[in-house]
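Here the sequence shown is numbered in our numbering, starting from 3 and rising by one per residue. Beta carbons: idealized from backbone N, C-alpha and C, even for Gly. All of these numbers come straight from a predicted model, not from anything done at the bench. For reference, the structure is listed below as structure tokens.
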Amino acid sequence: MIRISRDQNDMHRYDDIMGLHRPQIEGEKEMSMHDRAGQFSPFAALTGYGEMIEQAEEEFDRSDG
């Protein structure tokens, strides 16, 4: 069993840094919020899996009728 100390479970442990601005490299263009959000969006870990499921579903529907 993993024990989590009270400090690690404290929801306010980062309150002191939450309002700070993130570092900006001089001369670098700031990334848009849309592009930044895209870094954290879901990705298809199983490429082609969705298509495989759809194909199996279509085959099942054809065999059912």
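query	result
Along the chain, where does the alpha helix (DSSP H) containing Met54 start, and where does it finish?	Tyr51 to Asp66
For the alpha helix (DSSP H) that contains Gly94, what are its first and last residues?	Because residue 94 is not part of the residues shown, which for the chain are 3 to 67, the question remains open.
I need the boundaries of the alpha helix (DSSP H) containing Met20, first residue and last residue.	Asp17 to Met20
Please report the straight-line C-alpha distance between Ser65 and Ile55, rounded to a whole angstrom.	15 Å
If Gln26 sits next to Glu32, beta carbons under 8 Å apart, how far is it from one beta carbon to the other, in whole angstroms?	7 Å
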